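Counting from 178, one number per residue, gives the positions in the sequence shown under this note's numbering.
Structure first, commentary second.
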Amino acid sequence: MVLLPTIKQSLTTLPTHLTAVFVGGTSGIGKFTLLALAQHCAHPTIYIVGRSQASATQLQSRLHSINPNGAYHFLASDIALIRNVDTVCEELRKKEKHINLLVLSQGLFGMGQDTEEGIRSGASLVLHSRTRFILNLLPLLQAAPPGQLRRVLSVFCGTKEGPTTNATDIQMRSASSPMKARAQAATMLTLLLEEVAARAPDVGFVHDFPGFVNGNSARGGGWGMSAIRAVFTVIGPLLYIPDEEVGERHLWLATSGVFGGRTDGGSKMAVGSNGEVGSGVYVVDEKCDVAKEGVLKVIREERAKGTREIVWGELQKDFVRITGKESL
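If you want it as structure tokens, here you go:
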């Protein structure tokens, strides 16, 4: 476990200027992390992508009170739709010449209903939307000046990877249970990050599991979501990781040199998803520890089966079907 005092010390050395994009940042983990960034970075420029203008207005007010020297922008969008992702990314590419950090925390418990683009909402948020944001904004990440941070943090179920039963079913419609769907989605997300990292060795990619957090992932209708919220209401306060700690741990994952790109080098870099030090893709648990051999074995076996190439191909088919192109 990476101790909190170690993390706090590291955050005192953040650069004075960072440009960050938080997708799903108006609540939960994204919100806690960007609040930490506002506190620890002297002059942050933060773009918050979400659906709720009311939540964003409250958050912007709080951010300005924490750090009046920052710039905090809200982009309203339903990013379960790939066309909307492209619209947001086009706006970002007009506003900024580079970004340092992309934090992706959008997603829901369960797989949800189909979007109007014909994709299960859960799969779209976890796989399609995230990968599309990364591909579209990769030029801005790689445009960061030499020596500056280039990082993607994808918050989902890192270290919870499991075997896939049908790699072509990237929407997991045939999954026999929600837990198996989650495990397959975690594996697919890690492999997708590996595929992107192969194209961007100068960018670090982290897929983490946040632990039990007081977020908003159980929103939505139906008796299932109602049951989950009821359970959280009773046991949540006893088990939740404190909000401030959640934010600082995720900010550390997003900024520490331990999780740099493959070309960054350095003897203190972490072991990546392929078992190599400094591989550029890192799978991390709620204690900020990298995945153990059992998890790496699952990823290795799926990679050997060709799952990475299959999932990437299926994702690109959906992108082309919906937008006519693989990325902006």
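Here a beta-carbon is modelled for each residue, glycine too, at the ideal position from N, C-alpha and C.
Because the structure is a prediction, the values reported are computed rather than measured.
- Assignment of residue 480 by DSSP, reduced to helix, strand and coil, places it in the helix class.
- Between residue 200 and the set 319, 331 and 273, the nearest pair of CA atoms involves 331.
- The C-alpha of residue 294 lies about 19 Å from the C-alpha of residue 227.
- Out of 461, 178 and 391, the CA that lies nearest to the CA of residue 338 is found in 461.
- Between residue 388 and residue 210, the CB-CB gap reaches or exceeds 8 Å.
- Going by C-alpha positions, residue 477 is about 7 Å away from residue 451.
- Secondary structure at residue 437: coil, using DSSP grouped into helix, strand and coil.
- Of the candidates 229, 198, 370 and 444, 198 places its Cα closest to the Cα of residue 279.
- Each residue's CA atom was taken as its position, placing residue 306 and residue 186 some 34 Å apart.
- The count of Cβ pairs closer than 8 Å, one atom from the region 352-363 and one from the region 491-498, stays below three, leaving the stretches out of contact.
- Here DSSP, grouped into helix, strand and coil, assigns residue 276 to coil.
- Residue 229 and residue 222 have their C-alpha atoms some 20 Å from each other.
- In the DSSP assignment, residue 309 falls within the unbroken alpha helix (DSSP H) covering 306-319.
- Annotation: the continuous beta strand (DSSP E) that includes residue 382 extends over 381-385.
- Every unbroken stretch of the beta strand (DSSP E) spanning 3 or more residues and falling wholly within the region 421-470 is given here in chain order: 458-461.
- Beta-bridge partners assigned by DSSP to residue 226: 200 and 252.
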